[in-house]
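Visitor:
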Amino acid sequence: MPLQDVIGHAAVIASIQRAEASNRLAHAYLFHGEASIGKRLTAVRLTQAFHCEQRQDGAVIDACGVCRSCRHVEASTHPDFLVIEPDSEQAVPQIKIEQIREIEQQIMYRPLIAERKICLIDQADRMTIGAANALLKTLEEPPDHSLFFLISSRPAALPVTIRSRCQALRFTTPPRTQVEAALILKREIPPSDTRLLAIISEGRLGDALVADPAEIRARQREVMELIRPQTLGSVTAILAQAESSAKSDRVPELLSWLTRWIRDVIILQVGGDRDHILFAEDLETLEMYSKHADTDALLDILCDIEQTDRQATRHLNLQMALEQVLLRLRDACTAQPVSQRS
Ligand SMILES: [Zn+2]
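In this text, residue positions in the sequence shown follow my numbering: the first is 114, and each later residue adds one.
Spelled out as structure tokens, the structure:
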């Protein structure tokens, strides 16, 4: 059953099912929570449940997944299911007022075959001010047959006036065990890859489902190479790495990988759960560093990387930022001269 197929959001689904059964559906819901954890999928599955042709009178809504309506909703070709999303072709993807106007006109008409006309607005926080104002007018006097699902991972960026017209439902990140179970079900990959994807996606199942384990391992090896004592101990090697990463526009990616590696060292230092270690293949190096590295300095570096991340859009010199991080990492990791350890 498609509704049971949705991983980790049973509470949200049940609350909508209950509202429907007791005739207390809101006209607009705001699904909010981290990106790529299944908010849009849940809205699509719920729409299938509302529109399903197999539905028995009086039964709780659910989707069969195979009837004509369910298939049309899945393909976004159902006449009573309208989807709006930012135009991804644009440099800054936005939802424009024309898109909302079109919905506005269509939502006024009675549904063609279903009981309701359902409108899904993905990344609703990307509406222009004009678009948001136009939507607000519709939300203030919604037609009886209308139901809106607004989806956002940045709900604070939505105008308060819009938020106040929606019933907000928070989506939480599913636990790793659930992500692993879903990956086993949906992808034919070995258990070690399942574990890797589940850890690295941090519960974002949408990402885990499409990520390429081979590519992740290649990135991992690159970091492992970079933090070898021979490399980290050599200023020349550090400068060369920063330069080549900057040339290929890969500084932010490398910094986020370094963050993961530093976290692994800290997990070992504080005696945390080893099951969360990402660089499990290189445990020996991790353990070596964990014995000597200065935990406070590592935590400081993590803060700095986060800062760099926020300032990256402001033309920060990324090559210099990476150099700084690596040099400080070298200092933090080498309580004794590197030459004596390698
Ligand atoms: Zn169906």
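Just so it is clear, CB atoms sit at the ideal spot from N, CA and C, and this is done for glycine as well.
Please read all numbers here as calculations on a predicted model, not as lab measurements.
Hey, which unbroken runs of the beta strand (DSSP E) at 3 residues or more fall wholly within the stretch 158–221?
Guide: Entirely contained in the stretch 158–221, the beta strand (DSSP E) runs reaching 3 residues are, in chain order, 194–197.
Visitor: For Val179, is the beta carbon positioned less than 7 angstroms from some heavy atom of ligand 1?
Guide: yes
Visitor: Answer with buried or exposed for Lys404, where buried requires no fewer than 16 other C-beta atoms within 10 angstroms of its C-beta.
Guide: Exposed, by the Cβ-count rule.
Visitor: To which residues does DSSP link Phe284 through a beta bridge?
Guide: Per DSSP, Phe284 has no beta-bridge partner at all.
Visitor: Is it buried or exposed, Met433, if we count other Cβ atoms within 10 angstroms and call 16 or more buried?
Guide: exposed
Visitor: With DSSP run on the structure shown, which of helix, strand or coil describes Leu399?
Guide: Reduced to three states, the DSSP call for Leu399 is helix.
Visitor: Do Val292 and Gly316 have their C-beta atoms closer together than 8 angstroms?
Guide: yes
Visitor: Name the DSSP beta bridge partners of Lys299, please?
Guide: Paired residues: none, contrary to the question.
Visitor: Quick check: what's the CA-CA separation for Ile208 versus Asp422?
Guide: 26 angstroms
Visitor: Just grab the DSSP bridge partners of Lys230 for me.
Guide: Ser259
Visitor: Give the range of the beta strand (DSSP E) segment to which Leu143 is assigned.
Guide: Where Leu143 is concerned, the enclosing beta strand (DSSP E) starts and stops at 141–145.
Visitor: Would you check whether ligand 1 has a heavy atom nearer than 7 angstroms to the C-beta of Ala227?
Guide: no
Visitor: Pull up the distance between the alpha-carbon of Ile379 and that of Ala406, whole angstroms please.
Guide: 9 angstroms
Visitor: I'd like the list of long-range same chain contacts for Asp306, defined as Cβ closer than 6 angstroms, with 5 residues on each side in sequence excluded.
Guide: Pro326
Visitor: If you scan the stretch 119–143 from start to end, which runs of the alpha helix (DSSP H) of 4 or more residues do you find wholly inside it?
Guide: 123–134
Visitor: From Pro287 to Ile120, what does the alpha carbon distance come to, in whole angstroms?
Guide: 7 angstroms
Visitor: Could you name the residues of the same chain whose beta carbon sits closer than 6 angstroms to that of Ile314, not counting the 5 residues immediately before and after it, in chain order?
Guide: Looking at the sequence provided, one finds Ser at residue 314 rather than Ile. Within the same chain, Ser314 has close Cβ partners Asp320, Ala321.
Visitor: To the nearest angstrom, how far is the alpha carbon of Gln212 from that of Gln219?
Guide: 11 angstroms
Visitor: Nearest to Ala245 by alpha carbon, out of Leu233, Thr274, Leu225?
Guide: Thr274
Visitor: Please find out if some non-hydrogen atom of ligand 1 comes closer than 7 angstroms to the beta-carbon of Glu166.
Guide: yes
Visitor: Given that a residue counts as buried once 16 or more other Cβ atoms are within 10 Å of its Cβ, and exposed if not, what is Ala188?
Guide: exposed
Visitor: Spatial neighbours of Arg279 within its chain, please: C-beta separation below 8 angstroms, excluding the five flanking residues on both sides.
Guide: Looking at the sequence itself, residue 279 is Cys, so the reference to Arg does not match. Cβ neighbours of Cys279 beyond the five flanking positions: Ala139, Ala141, Tyr142, Leu143, Leu252, Phe261, Leu263.
Visitor: For Ser452 and Gly346, I'd like the C-alpha separation in whole angstroms.
Guide: Annotation note: pLDDT 45 at Ser452 (below 50); position unreliable, no value reported.
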